[in-house]
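Written out below as structure tokens is the structure these notes cover.
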Amino acid sequence: MDIFTILLYLDLLGTIVFAVSGLLAANGKRLDLFGAVFIAMVTAIGGGTLRDLILGEPVFWVLNNIYIYLVIATTFVVFIIARYRNFPVQLILYFDALGLAVFTVLGAHKALELGFSLPIAIITGVMTGAFGGVIRDVLVGEVPLIFRKEIYATASFFGGLIYVWLQSTNLPVEVPIIVSILFIFILRTWAVKLNKSLPVFDFHRH
Amino acid sequence: MDIFTILLYLDLLGTIVFAVSGLLAANGKRLDLFGAVFIAMVTAIGGGTLRDLILGEPVFWVLNNIYIYLVIATTFVVFIIARYRNFPVQLILYFDALGLAVFTVLGAHKALELGFSLPIAIITGVMTGAFGGVIRDVLVGEVPLIFRKEIYATASFFGGLIYVWLQSTNLPVEVPIIVSILFIFILRTWAVKLNKSLPVFDFHRH
Amino acid sequence: MDIFTILLYLDLLGTIVFAVSGLLAANGKRLDLFGAVFIAMVTAIGGGTLRDLILGEPVFWVLNNIYIYLVIATTFVVFIIARYRNFPVQLILYFDALGLAVFTVLGAHKALELGFSLPIAIITGVMTGAFGGVIRDVLVGEVPLIFRKEIYATASFFGGLIYVWLQSTNLPVEVPIIVSILFIFILRTWAVKLNKSLPVFDFHRH
Numbered sequence: 001m002d003i004f005t006i007l008l009y010l011d012l013l014g015t016i017v018f019a020v021s022g023l024l025a026a027n028g029k030r031l032d033l034f035g036a037v038f039i040a041m042v043t044a045i046g047g048g049t050l051r052d053l054i055l056g057e058p059v060f061w062v063l064n065n066i067y068i069y070l071v072i073a074t075t076f077v078v079f080i081i082a083r084y085r086n087f088p089v090q091l092i093l094y095f096d097a098l099g100l101a102v103f104t105v106l107g108a109h110k111a112l113e114l115g116f117s118l119p120i121a122i123i124t125g126v127m128t129g130a131f132g133g134v135i136r137d138v139l140v141g142e143v144p145l146i147f148r149k150e151i152y153a154t155a156s157f158f159g160g161l162i163y164v165w166l167q168s169t170n171l172p173v174e175v176p177i178i179v180s181i182l183f184i185f186i187l188r189t190w191a192v193k194l195n196k197s198l199p200v201f202d203f204h205r206h
Numbered sequence: 207m208d209i210f211t212i213l214l215y216l217d218l219l220g221t222i223v224f225a226v227s228g229l230l231a232a233n234g235k236r237l238d239l240f241g242a243v244f245i246a247m248v249t250a251i252g253g254g255t256l257r258d259l260i261l262g263e264p265v266f267w268v269l270n271n272i273y274i275y276l277v278i279a280t281t282f283v284v285f286i287i288a289r290y291r292n293f294p295v296q297l298i299l300y301f302d303a304l305g306l307a308v309f310t311v312l313g314a315h316k317a318l319e320l321g322f323s324l325p326i327a328i329i330t331g332v333m334t335g336a337f338g339g340v341i342r343d344v345l346v347g348e349v350p351l352i353f354r355k356e357i358y359a360t361a362s363f364f365g366g367l368i369y370v371w372l373q374s375t376n377l378p379v380e381v382p383i384i385v386s387i388l389f390i391f392i393l394r395t396w397a398v399k400l401n402k403s404l405p406v407f408d409f410h411r412h
Numbered sequence: 413m414d415i416f417t418i419l420l421y422l423d424l425l426g427t428i429v430f431a432v433s434g435l436l437a438a439n440g441k442r443l444d445l446f447g448a449v450f451i452a453m454v455t456a457i458g459g460g461t462l463r464d465l466i467l468g469e470p471v472f473w474v475l476n477n478i479y480i481y482l483v484i485a486t487t488f489v490v491f492i493i494a495r496y497r498n499f500p501v502q503l504i505l506y507f508d509a510l511g512l513a514v515f516t517v518l519g520a521h522k523a524l525e526l527g528f529s530l531p532i533a534i535i536t537g538v539m540t541g542a543f544g545g546v547i548r549d550v551l552v553g554e555v556p557l558i559f560r561k562e563i564y565a566t567a568s569f570f571g572g573l574i575y576v577w578l579q580s581t582n583l584p585v586e587v588p589i590i591v592s593i594l595f596i597f598i599l600r601t602w603a604v605k606l607n608k609s610l611p612v613f614d615f616h617r618h
């Protein structure tokens with residue numbers, strides 16, 4: 001399996017898991033099917049859309065309709081399953097973590113491919129990974145996950161840093177991608193599970 | 207009246223009704239005149255701005271200042287009327303429904319004109335129609351209309367579908383535009399009036 | 413000091429003060445360091461990013477990484493200071509007012525430089541000045557400052573108008589910039605201090 005195939009599959013995987021995380025977040029908001037498609041769409045393609053606009057590239061899903069179809073198909077499937085089975089809402093954390101991991105790395109990768117600098121690649125990675133989830137949370141009226149205290153942007157940032165560093169080495173091209181995705185996903189889910197956080201940003205109280 | 211004139215008038219109509227819907231939503235938030243201009247502007251030109259950015263086109267209101275002037279003039283007029291008369295807040299639903307209808311069709315039309323595919327045209331239509339209202343609701347701290355249970359994105363989606371299908375036939379160019387606008391407006395207002403909804407998206411409870 | 417140097421310093425100043433305003437707004441939300449970087453970044457570069465996208469220009473911070481570094485450095489410094497000292501939260505109003513003033517004028521200036529019309533320059537100015545703060549407030553779940561009753565968008569609007577008018581005169585280039593920045597900052601802080609507002613937009617109650 002060559003690197004382009006891996007990247008395509010990861011992109012489709014990220015699209016599906018973020019679509020599902022959007023649907024889980026919308027649960028209980030009494031959306032109808034196309035309302036659900038809307039929130040799934042915004043969550044799944046929001047980060048990449050922002051990335052492409054900022055980098056001055058054509059928007060990926062306008063060039064290739066598969067992302068649109070995939071979000072719609074995912075919504076239909078989840079919609080049907082949801083009639084019969086109970087999804088634990090905690091699943092959103094895992095789907096969101098996987099989306100964050102995959103899209104951070106793909107965002108950084110795309111910026112580097114286009115010849116942008118390393119810091120821009122890291123920032124683009126964090127924005128691609130975190131922005132869809134931020135829009136999702138704002139739209140459904142939740143405090144964005146990124147603002148809860150467990151490691152979130154931090155995982156994305158260091159994952160992007162690791163990717164940018166590893167891909168400048170002589171390692172086979174799959175390695176930086178896989179290592180940095182695993183790093184983000186494991187760090188984030190571990191932090192949620194153990195309720196770990198970094199020192200928080202809070203002003204001194206006398 | 208040729209098709210270009212019709213499209214221009216519809217665009218101006220959509221701008222006015224969405225501006226009014228923004229002002230109605232801001233009612234009670236104690237905005238001053240230019241705060242009101244800001245929310246009216248974002249609501250009225252937000253959807254089309256997103257459409258143009260995503261399609262890689264110059265932003266419409268930067269090319270043609272009439273939209274800006276129209277929003278400002280609408281705000282002044284509503285501001286003055288509001289001193290003397292009581293607007294029933296329910297009006298926002300009709301203004302929003304008309305804006306949704308007009309901008310969905312104009313969004314889909316512009317994408318097709320520029321040679322984009324049919325699915326992209328439908329998605330662009332829904333985004334153009336729904337996005338201004340979503341920003342409006344998020345900014346004033348309301349649950350977006352699109353997330354309340356009556357048919358909303360669904361009306362926009364099927365209206366876009368009808369437009370894309372009808373315009374591929376041999377009907378006179380006005381027909382697809384008028385039919386799909388009426389379809390969206392009537393479906394949406396009927397749903398609000400009768401409190402109709404599609405089956406909602408909610409997970410199975412054991 | 414020539415005009416380009418002045419503009420660059422103002423841009424850096426606006427970036428710092430908006431970053432600080434983002435950090436002050438995030439206070440108490442228990443963000444970790446990189447969550448704080450994220451909110452500071454969005455606040456400081458959001459307005460200019462929107463401006464550049466709308467004007468069809470390359471995004472400023474992608475061209476020049478100094479803005480990114482500056483936001484990160486500001487966050488680190490504030491993060492450390494915050495451990496030892498208590499910032500009065502009211503400071504956010506002053507930082508926000510200064511950011512509003514500087515970015516309104518820079519936004520209008522950039523649009524004029526690129527040959528856009530006067531009304532577009534004023535609108536671009538208001539959007540550049542107000543948008544970062546609006547995103548900040550939406551993300552942290554506050555009612556946007558722009559929607560509280562003291563003069564806000566109004567200060568930005570008239571400051572932009574004054575700038576656009578003065579720069580068409582024969583005054584030395586620094587004068588319009590300095591006068592309009594001072595105008596916005598003083599009007600806004602005076603309004604907050606004295607709790608001044610314009611007549612608010614509210615429908616007549618019978």
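Residue numbers (the numbering used here), protein chains in the order written: chain Y, 1 to 206; chain E, 207 to 412; chain L, 413 to 618.
Note that CB positions come from ideal geometry on N, CA and C, so glycine has one too.
List, in chain order, every chain Y residue whose beta-carbon is nearer than 8 Å to that of residue i.
i              : result
A336 (chain E) : F38
N477 (chain L) : S117, P119 and I120
What does residue i touch in chain L if you count any residue whose Cβ is under 8 Å from its own?
i              : result
P264 (chain E) : G468
I274 (chain E) : P531, I532 and I535
F157 (chain Y) : F446 and V449
By alpha-carbon positions, which one of the options ends up nearest to residue i?
i              : options                           : result
F543 (chain L) : L:L420, L:L422 and L:F430         : L:F430
A303 (chain E) : E:G228, E:V379, E:D208 and E:G262 : E:G228
V552 (chain L) : L:L425, L:T417, L:A448 and L:I418 : L:A448
G229 (chain Y) : Y:V102, Y:N86, Y:M41 and Y:F60    : Absent from the model: residue 229 (chain Y). The displayed extent of chain Y is 1 to 206, so no value can be given.
G133 (chain Y) : Y:L187, Y:T124, Y:D11 and Y:L93   : Y:L93
Y564 (chain L) : E:V398, E:L377 and E:L237         : E:L237
I122 (chain Y) : Y:A26, Y:L55, Y:L8 and Y:L10      : Y:L55
F488 (chain L) : L:Y421, L:V432 and L:L424         : L:V432
Y67 (chain Y)  : Y:E57, Y:I80, Y:N170 and Y:L10    : Y:L10
L424 (chain L) : L:A603, L:I558 and L:F472         : L:F472
L24 (chain Y)  : Y:P58, Y:E113, Y:V179 and Y:T74   : Y:T74
L524 (chain L) : L:L578, L:A603, L:L557 and L:I558 : L:L578
I72 (chain Y)  : Y:N170, Y:V192 and Y:I16          : Y:I16
F147 (chain Y) : L:L583, L:I558 and L:R548         : L:R548
Between which two residues does the alpha helix (DSSP H) holding residue i run?
i              : result
Y506 (chain L) : L503 to E525
R548 (chain L) : L530 to L551
R51 (chain Y)  : L33 to L55
T211 (chain E) : I209 to A232
T581 (chain L) : Run containing T581 (chain L): none; DSSP gives neither H nor E here.
Y290 (chain E) : I272 to Y290
P176 (chain Y) : E174 to L194
F353 (chain E) : No alpha helix (DSSP H) contains F353 (chain E), which DSSP labels as neither H nor E.
V474 (chain L) : F472 to L475
So, residue i versus residue j, is the Cβ gap smaller than 8 Å?
i              : j              : result
V374 (chain E) : N65 (chain Y)  : At residue 374 (chain E) the sequence reads Ser, which differs from the Val that was named. Not a contact, by the Cβ cut-off of 8 Å.
I589 (chain L) : I418 (chain L) : yes
T360 (chain E) : L33 (chain Y)  : yes
G47 (chain Y)  : G129 (chain Y) : yes
I532 (chain L) : V248 (chain E) : no
V332 (chain E) : G220 (chain E) : no
L297 (chain E) : R394 (chain E) : no
E174 (chain Y) : I3 (chain Y)   : yes
V138 (chain Y) : V555 (chain L) : no
E263 (chain E) : L320 (chain E) : yes
Chain E partners of residue i, CB-CB under 8 Å?
i              : result
G141 (chain Y) : V349
I550 (chain L) : Per the sequence shown, residue 550 (chain L) should be read as Val rather than Ile. What V550 (chain L) touches in chain E: V344 and L345.
T49 (chain Y)  : I260
Just to make sure I have the definition right: I need the residues of chain Y whose C-beta is within less than 7 Å of the C-beta of residue i. Which are they?
i              : result
K441 (chain L) : F147
I357 (chain E) : D32
Please compile the residues from chain L whose C-beta is within a distance smaller than 7 Å of the C-beta of residue i.
i              : result
L53 (chain Y)  : L465
T211 (chain E) : Ordered by position in chain L, no residue passes the 7 Å Cβ test against T211 (chain E), which lies about 24 Å from the chain.
Can you name the residues of chain E whose CB is closer than 7 Å to the CB of residue i?
i              : result
V641 (chain L) : Since the first and last residues shown for chain L are 413 and 618, residue 641 (chain L) lies out of range.
Hey, would you say the C-beta of residue i is under 7 Å away from at least one heavy atom of the ligand ZN?
i              : result
T516 (chain L) : As for the ligand ZN, it is missing from this structure, which has no ligand bound.
Against residue i, what residues of chain E qualify as contacts under a CB-to-CB distance less than 9 Å, listed in chain order?
i              : result
F528 (chain L) : V268
Quick check: the region 45-58 of chain Y against the region 101-109 of chain Y, are at least 3 beta-carbon pairs closer than 8 Å? Cβ pair count under 8 Å is three or more, so yes.
Inspect the CB distances between the region 179-188 of chain Y and the region 142-158 of chain Y and report whether three or more fall short of 8 Å. Contact holds between the region 179-188 of chain Y and the region 142-158 of chain Y, because three or more Cβ pairs, one in each stretch, are under 8 Å apart.
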